[in-house]
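Q: Residue numbers (my numbering), protein chains in the order written: chain A, 1 to 209; chain B, 210 to 510. From the three backbone atoms N, C-alpha and C, an ideal C-beta is built for every residue, glycine too. This structure is a prediction, so every number in the text was calculated from the model and none was measured. Got a structure here, written out as structure tokens. Questions coming.
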Amino acid sequence: MTQYRVLPGPEHFLPPSAASMGICLPDPGEAHINGVIVPEEKAYEEAAKQFLMAKVPTLFPGPLVLWAWNEKAAKKATAIRHLYNTIKECVQPGQTPMLIPMPDYRPKYPKINPEVEINPNHPNLTIWHNKIDCCMFIGVHCHQANLSLKIIRGGTSCYTIAMCAQAGHEDAMLSFRDASVEKIMKLADAVKRLKGTVKPRLTSAKNGA
Amino acid sequence: MSKEKIKISEDLYDIMPSDYQDLVKSATYGKEDRGWKDIGNSKELIEQHSLCAGCPESMAFRYILASLPNPEDTVMVGSTGCTSLVFPMVAVHNIHSLFGNQNAIASGLKRALSVRFPGRTKDVVVLAGDGATVDIGLDMTLQAWFRQEKFTTICFDNELYANTGGQESGLMQKGFVAKMAPVGKLFDKVRLPEIARESGCHYVIQCTVSKPSLVEKVVRNAVMIAREIGPTYLQLYTPCILEIGKNSMEGLQEMRDSEKPTERFAYREYISEPAKQLLAEISAKDKEKKAAAKQLASQGA
Numbered sequence: 001m002t003q004y005r006v007l008p009g010p011e012h013f014l015p016p017s018a019a020s021m022g023i024c025l026p027d028p029g030e031a032h033i034n035g036v037i038v039p040e041e042k043a044y045e046e047a048a049k050q051f052l053m054a055k056v057p058t059l060f061p062g063p064l065v066l067w068a069w070n071e072k073a074a075k076k077a078t079a080i081r082h083l084y085n086t087i088k089e090c091v092q093p094g095q096t097p098m099l100i101p102m103p104d105y106r107p108k109y110p111k112i113n114p115e116v117e118i119n120p121n122h123p124n125l126t127i128w129h130n131k132i133d134c135c136m137f138i139g140v141h142c143h144q145a146n147l148s149l150k151i152i153r154g155g156t157s158c159y160t161i162a163m164c165a166q167a168g169h170e171d172a173m174l175s176f177r178d179a180s181v182e183k184i185m186k187l188a189d190a191v192k193r194l195k196g197t198v199k200p201r202l203t204s205a206k207n208g209a
Numbered sequence: 210m211s212k213e214k215i216k217i218s219e220d221l222y223d224i225m226p227s228d229y230q231d232l233v234k235s236a237t238y239g240k241e242d243r244g245w246k247d248i249g250n251s252k253e254l255i256e257q258h259s260l261c262a263g264c265p266e267s268m269a270f271r272y273i274l275a276s277l278p279n280p281e282d283t284v285m286v287g288s289t290g291c292t293s294l295v296f297p298m299v300a301v302h303n304i305h306s307l308f309g310n311q312n313a314i315a316s317g318l319k320r321a322l323s324v325r326f327p328g329r330t331k332d333v334v335v336l337a338g339d340g341a342t343v344d345i346g347l348d349m350t351l352q353a354w355f356r357q358e359k360f361t362t363i364c365f366d367n368e369l370y371a372n373t374g375g376q377e378s379g380l381m382q383k384g385f386v387a388k389m390a391p392v393g394k395l396f397d398k399v400r401l402p403e404i405a406r407e408s409g410c411h412y413v414i415q416c417t418v419s420k421p422s423l424v425e426k427v428v429r430n431a432v433m434i435a436r437e438i439g440p441t442y443l444q445l446y447t448p449c450i451l452e453i454g455k456n457s458m459e460g461l462q463e464m465r466d467s468e469k470p471t472e473r474f475a476y477r478e479y480i481s482e483p484a485k486q487l488l489a490e491i492s493a494k495d496k497e498k499k500a501a502a503k504q505l506a507s508q509g510a
């Protein structure tokens, strides 16, 4: 079994893909934390804890939920808004939750506005600009999520969570799989349950922020 | 893509950047009579561009995107060159191909789309520079025409390799000296419109992009003919003002000067017999529609 762990960076300019370092994806009903497979229940707790600890906990919804291309996508969007509102209600003064979209994957030239969006080709700009120290990707196509997660791990110290609708992401520090409306709501419940029990970080992480 | 899919989830609408909201609210997807006159009245399908200030290619892009008859069901294929810097800003599906490969990619794409969506009209439009169309990709360009592939090829002819500093291209005029071609071009400009005609294109146009109404007409005709009959080719003069030593404001005048009857970009067209027949049918239908609308309006009044 690999000793490699997927930890907040900055790892280095071109971090190795976690898969190449021996990190495996979870089976249904499981998740991974730092590359270690755990029961899904434990991952809800950990993700909620990370949100409540972060100075700028952020959700990054991608095109699969931003665009109402089917009924399920619209329902997931509603659940994401609920999760965001829950985090907002549960954090303490000084913590500033954000909801920043990734509307599509085109490289944005000549510039991106990091205050209003994130782009998979240079996600670090949005992380740096907003001093984000914990984020969750949801509704992003897997290949673009992998790209973003690796860049973020390479150049920032942001804690990354993936709520993946497929098999999960090795390159996230915490990854769920088979994302559904129920799972998003369950995460919101976990945040609510842990409200007031987690001490927020006073200052944001050194490089992600 | 289809119009039904261009809807933002209600619960996340407020966080979407305004250019996406505008695309949904006021772009001209699905508008039957869309054209260059929509520019300024509706959201354009090009957000911004990364070309040089005053580049005629940016005008061409705006007119072409405003004129595509079916943008929600169109896929554009681009190639290496100045155009490839613009495609990320375009709200029409597009593919960047390897340098010169664009017509081969478009051939496969068109066939795949007709198998995957048998009941739907899907247009494919190639848009590449003269280096990709005439030099590096000439094989793929011609083979697609020989095979009578049903898509439109648009060549932005700036008569050299612009974004690599000004090397000689096949479409450069004889004797022209460029920054990276100091000896001067030794042979004539390749006569691709004639070659296109002989290779089986049903609609071949050579013109500049100085007149938006003309660009609209030829783009619409080219797409409609490609849809029903076979390959079509547009060669549009989009001068590189930097490489020919002009200022940002002089691109339009350069095109006007070059399209005079005795100049090398005088308007030229070739339309095959079946294409002529199709255009006549489309024109008759349009007239009928207009007459019906007029009648309806007069009854209402």
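To the nearest angstrom, how far is it from the Cα of residue 204(A) to the Cα of residue 295(B)?
A: With a pLDDT of 49 at residue 204(A), under the threshold of 50, the modelled position of this residue cannot be trusted, and the question is left open.
Q: Taking 8 Å as the threshold, find out whether the stretch 360–376 of chain B comes into contact with the stretch 329–340 of chain B through three or more Cβ pairs.
A: By the criterion of at least three beta-carbon pairs nearer than 8 Å, the stretch 360–376 of chain B is in contact with the stretch 329–340 of chain B.
Q: On the premise that residue 100(A) lies in contact with residue 51(A), defined as a C-beta separation below 8 Å, what is that separation, rounded to the nearest angstrom?
A: Going by Cβ atoms, the distance from residue 51(A) to residue 100(A) rounds to 15 Å, so no, they are not a contact pair.
Q: Can you pull the chain B residues whose beta carbon is under 8 Å from the beta carbon of residue 67(A), in chain order?
A: Within chain B, the residues near residue 67(A) are 214, 215, 216, 217 and 218.
Q: Check the Cβ-Cβ distances between residue 54(A) and every residue of chain B, and say whether any is below 8 Å.
A: no
Q: When the Cα atoms are used, what is the spatial distance from residue 436(B) to residue 484(B)?
A: 11 Å
Q: So which residues of chain B does residue 106(A) contact, with C-beta pairs closer than 7 Å?
A: 297
Q: First and last residue of the beta strand (DSSP E) that includes residue 416(B)?
A: 412–417
Q: Identify every residue that forms a DSSP beta bridge with residue 305(B).
A: 287(B)
Q: Around the C-beta of residue 208(A), are 16 or more other C-beta atoms found within 10 angstroms, so that it is buried, or is it exposed?
A: Its pLDDT being 47, under 50, residue 208(A) is placed unreliably in this model, and the coordinates cannot settle the point.
Q: Beta-carbon separation of residue 310(B) and residue 346(B) under 8 Å?
A: The criterion of a C-beta distance shorter than 8 Å is satisfied by residue 310(B) and residue 346(B).
Q: Taking a contact to mean a Cβ-Cβ separation below 8 Å, would you say residue 300(B) touches residue 232(B) in this structure?
A: In this structure, residue 300(B) lies near residue 232(B), with their beta-carbon atoms less than 8 Å apart.
Q: With a floor of 4 residues, list each alpha helix (DSSP H) that falls wholly inside the stretch 20–58 of chain A, ordered by position along the chain.
A: 40–53
Q: Considering only their Cβ atoms, is the gap separating residue 9(A) from residue 148(A) smaller than 8 Å?
A: no
Q: Beta-carbon separation of residue 102(A) and residue 140(A) under 8 Å?
A: yes
Q: Taking all protein chains shown into account, do 16 or more other C-beta atoms lie within 10 angstroms of the C-beta of residue 193(A), making it buried, or fewer, making it exposed?
A: Result: exposed.
Q: If residue 390(B) and residue 376(B) are in contact, beta carbons under 8 Å, what's the gap, nearest whole angstrom?
A: 6 Å
Q: Under a CB-based cut-off of 8 Å, is residue 117(A) close to chain B?
A: yes
Q: Where does residue 156(A) sit, in a helix, a strand or coil, going by DSSP?
A: coil
Q: Looking at the unbroken beta strand (DSSP E) that takes in residue 480(B), where does it start and where does it end?
A: 477–480
Q: Measuring only the C-alpha atoms, how far is residue 235(B) from residue 216(B)?
A: 12 Å
Q: Among the residues of its own chain, which have a CB less than 8 Å from the CB of residue 49(A), if the five just before and after it don't count?
A: 194 and 198
Q: Report the neighbours of residue 229(B) on chain A: residues whose CB is nearer than 7 Å to its CB, in chain order.
A: For residue 229(B), the chain A residues whose Cβ falls inside 7 Å of its Cβ are 103, in order along the chain.
Q: Report yes if the CB atom of residue 41(A) is closer than 8 Å to the CB atom of residue 33(A), and no otherwise.
A: No. Outside cutoff.
Q: Going by the beta-carbon positions, is the gap between residue 43(A) and residue 137(A) smaller than 8 Å?
A: Not closer than 8 Å, so no.
Q: Taking the alpha helix (DSSP H) that residue 349(B) belongs to, which residues open and close that run?
A: 347–355
Q: Counting pairs of beta carbons, one from the stretch 419–435 of chain B and one from the stretch 241–253 of chain B, are three or more of them closer than 8 Å?
A: Segment contact: the stretch 419–435 of chain B against the stretch 241–253 of chain B, three or more CB-CB distances shorter than 8 Å; contact assigned.
Q: Given that residue 80(A) touches chain B, what residues does it touch there, using C-beta distances under 9 Å?
A: 218, 220 and 221
Q: Can you look up residue 112(A) in the DSSP assignment and give me helix, strand or coil?
A: coil
Q: Could you tell me the boundaries of the alpha helix (DSSP H) in which residue 333(B) lies?
A: Unbroken run through residue 333(B) is the beta strand (DSSP E), 332–338; no alpha helix (DSSP H).
Q: Decide yes or no for the touch test of the stretch 323–336 of chain B against the stretch 406–415 of chain B: beta carbon pairs closer than 8 Å, at least 3 of them.
A: no
Q: For residue 366(B), write down the residues that DSSP places opposite it in a beta bridge.
A: 446(B)
Q: On a Cα-Cα basis, can you pick out the residue from 90(A), 135(A), 143(A) and 107(A) that is closest to residue 190(A)?
A: Among 90(A), 135(A), 143(A) and 107(A), the Cα nearest to that of residue 190(A) is on 90(A).
Q: Among the candidates 379(B), 487(B) and 286(B), whose CA atom is the shortest distance from the CA of residue 307(B)?
A: 286(B)
Q: Would you mind stating whether residue 171(A) and residue 17(A) have Cβ atoms separated by less than 8 Å?
A: yes
Q: Residue 388(B) to residue 320(B), Cα distance in whole Å?
A: 41 Å
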